[in-house]
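First the structure, in the form of structure tokens, and then the observations on it.
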Amino acid sequence: MLCPSTTSSPITRPILQMGATNDPLLPILKNQMIWWSSLIKELSNSPKPELCVLLYIALMFDESTLLIVRNPYVIASILKACSRILGLSEGTQFHGLAIKCIAIGNLYVVNAIVRLYAKCGELFDARRLFDKMPDRSVVSWNVIIMGYAEMGEWEEVKSLFWLMVEECCFEPDAITLVRMVTACTRTEDCDSGKLVREYIEENGVVLSLHLGNALMNMYAKFKEMGEAHKLFDLMSERDVVSWTTLVSGYAGLGHLEIAIKLFDQMPNRNVVAWNALITGYVSNGCFREAVLLFRDMLALGEKPDKATIVNVLPACMELEDQRLCETIHGKISIKNEVSWTSMMVGYLQCGEKEIAIKIFNEMPCKDTASWNALMTGLSQCNYFNEALSIFHDMLNAEITPNDLTLVTALSSCARIGALELGIWIHVYIERNCIRLTGHLASSLVDMYAKCGRVDLSLKVFDSKSVKDLLTWSSMISGLAMHGHSLQALEIFNKMLKNGVEPDGITFLAALSACSHAGLVNEGRYYFNLMTRIYNISPTIEHHSCMVDLFGRCGLLQEAKDFINNNRTSKEASAWGALLNACRLHGKVELAEYAAIELMKLDPSSSGAHVLLSNTYATASRWSKVGKVRNAMKEMGIRKLPGCSSIEVNGVVHEFFALDASHPQHEEIYAVLHILLKQMNLQEHYIQSNYFQ
């Protein structure tokens, strides 16, 4: 039996009471080690894992339980509890205890430590420990793969899977395979996805419900509904996710008859299934059908969510059914905070900013999620000033901002150059001892860089001892933006040496650095490194950046060949980059060719016409300038006025080209003319000295 001094300890007694350890079998256990080990394991898996941590700490101060505290399986349980509550600081201390107790050699303990660091977002530490493991189990692989998956590092998930299967000869279980299939889906890697399917069939892996659903979803995303349907037919067990995947897939491809038939056959439906068909109707222009289905949904008592509202509102507006919009508002928004927020987001998605703000102001109870939803929605719709105004209101209302609030505010500051407010937010973070997560750090780095303070951007970057990929990418991009290309590439190479694997965004920042500095050979090197070594498929942005690099350096034929040879002929931005390069170098004939291709892809674009007109003007072909301008008038194409903003004493001032509404517009245009004159002189100097 347990010794009385231990069970009646004033430290452990209240914790035991909170843990509700009323199992009648426990008093029968005679072995104290088994009793405490079982209790700690039970608490680590309970809805309140923090009790496990409290109990363990209490046991550490009781001499009679020191052997229990040092037991490897008990240490594994406490580390699991720390990972569940994201208790990195406590978990790090228990990691130290494991080393001290020589429990670090126990596979369960090491797996638990890797899980802790991965769960808390410290992937660098998790991977370093994983790589040093002399022995691994499938659980070890699953823990590290799960960590990368939860952080959205899908390329690393794929890399680890193939390392596990091909080099280390481990057999993945259903959990591993589900993560790998999900990674292929998220990265749109059809080839790898099909190889995984082949592996499953060749090795006789049982198609569990979760694995079947993951494979179905992958094929649906790849628009191969025939394969998805085959899997559906093969599955011995199906749930609402299986049915919804088919409905959503067919509806998204416009096969509405099949989608409706499957929807009608569903034994059970949830809000996701209804949303799938409503979305299918809306995306195919069937607005009335979408609204009718929404009415059926309400009639059957199904509660709509944010996705429902976001899809139904545009349908109502397309039908100009204001009464139905008001009905939705009246019937749904009064229910709860989630419904109010859904309605608000729906109006924002429709571009109805004023109505969204009005709904927000009418909300009887606003929580942090509601404030964040409005801020994020306004920011995503490019209403950055309004987003920051809401941030001010939130602080005045004494609502404590969380990470998402601060990231959104910093992002808005970056977009409009609100440096003073950005600095204030940084000070707020430090004064309130808010942990500088990867997202917060990268947002600060990005904000300072876009506001012109690269020195402060570097200071934040250097202050992070452990940097995630997002922080590295933000710093490289910020340096490239301000012409510090060699320093940007130096940091990129330092990142590789630290074992951080780049993604497409990081490579885009590196290519941008090469473009700004005219580093053609380096640009080719990083593009090949991305595509051939890291197997990252280039996006439109990567292609456009390479065209811009070649164009800036006068390699116009190579830029044109790159477009034609890399399947970028359907990318408007690539032709736009070539057209701009032709303007810079005065290559009229190639500019005409590029403009024609660009206008095919985007006939109403003012950019193509303006760039062509400017090219003619540079070559003094004034008659053709007139023809382009006249064509724009006939087609009703107007150049969008440029918008600039500047922060003075914490207030952001916005003004548009040819706008005389600002009270200080005369001073603004006087300074603008001086700046334009200096820019023209600088451009002439660059062309004279570098492009001869």
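So that you can map any letter, position 301 of the sequence shown is 300 in numbering that gives the first Met the number 0, and since no number is skipped, the others follow by simple counting.
Ideal Cβ positions, reconstructed from N, Cα and C, are used throughout, including at glycine.
Collapsing the DSSP output to three states places residue 350 in coil. For residue 208, the closest of 226, 230, 222, 189 by C-alpha to C-alpha distance is 230. Considered as a whole, the segment 373–432 harbours 383–395, 402–415, 418–430 as its complete alpha helix (DSSP H) runs of no fewer than 4 residues, in chain order. Contact annotation, residue 144 with residue 176: C-beta distance approximately 10 Å; criterion of less than 8 Å not satisfied.
Residues of the same chain with a CB within less than 7 Å of the CB of residue 267, apart from the 5 flanking positions on each side, are 239 in chain order. One Cα belongs to residue 45, the other to residue 110, and the distance between them is close to 20 Å. DSSP places residue 81 in the uninterrupted alpha helix (DSSP H) bounded by 71–83. In the structure shown, residue 481 falls within a coil segment according to DSSP collapsed to helix, strand and coil. The C-beta separation of residue 75 from residue 107 comes to about 4 Å, placing the pair in contact by the 8 Å criterion. For residue 340, the CB contacts under 6 Å within the same chain, skipping 5 residues up- and downstream, are 369, 372 in chain order.
Residue 376 is a Cβ neighbour of residue 347, given a cutoff of 7 Å. Between residue 572 and residue 544, the gap from beta carbon to beta carbon reaches 7 Å or more.
Non-local beta-carbon contacts of residue 125 in its own chain, meaning distances under 7 Å to residues more than five positions away in sequence, involve 113, 116, 117, 143, 146 in chain order. Assigned with DSSP and collapsed to three states, residue 315 falls in helix. C-alpha of residue 135 to C-alpha of residue 128: approximately 11 Å in a straight line.
Contact check between the segment 520–534 and the segment 553–563: fewer than three CB pairs, one atom from each, fall below 8 Å, which does not count as touching. Within its own chain, the residues whose Cβ lies closer than 8 Å to the Cβ of residue 317, once the five positions on either side in sequence are excluded, are 286, listed in chain order. Going by DSSP, residue 264 is part of the alpha helix (DSSP H) stretching over 255–264. Where residue 92 is concerned, the enclosing alpha helix (DSSP H) starts and stops at 87–99. Assignment of residue 251 by DSSP, reduced to helix, strand and coil, places it in the helix class. In summary, residue 190 is exposed, with fewer than 16 beta-carbon neighbours lying within 10 Å of its beta-carbon over all protein chains present.
Setting aside the 5 residues that flank it on each side, residue 259 is surrounded in the same chain by 276, each with a C-beta closer than 8 Å to its C-beta; the list follows chain order. When secondary structure is reduced to three states using DSSP, residue 48 falls in the helix class.
The DSSP assignment places complete alpha helix (DSSP H) segments of no fewer than 4 residues inside the segment 502–582 at 503–516, 519–527, 539–551, 555–564, in order along the chain. In this structure residue 408 is not in contact with residue 449, their Cβ atoms being roughly 14 Å apart against a cut-off of 8 Å. At the C-beta level, residue 179 and residue 195 come within 7 Å of one another. If you compare the alpha carbons of 131, 64, 57 with that of residue 34, the shortest gap goes to 64. Going by DSSP, residue 274 is part of the alpha helix (DSSP H) stretching over 270–282. Boundaries of the alpha helix (DSSP H) around residue 189: 189–201. The Cβ-Cβ distance between residue 490 and residue 474 falls below 7 Å. Here DSSP, grouped into helix, strand and coil, assigns residue 287 to helix. Scanning 219, 271, 587 for the CA closest to the CA of residue 254 turns up 219. Leaving aside the five residues that flank residue 356 on each side, none in its chain has a CB nearer than 6 Å to its CB. The residues 542, in chain order, have a CB closer than 7 Å to that of residue 565 in the same chain once the five nearest residues on each side in sequence are set aside.
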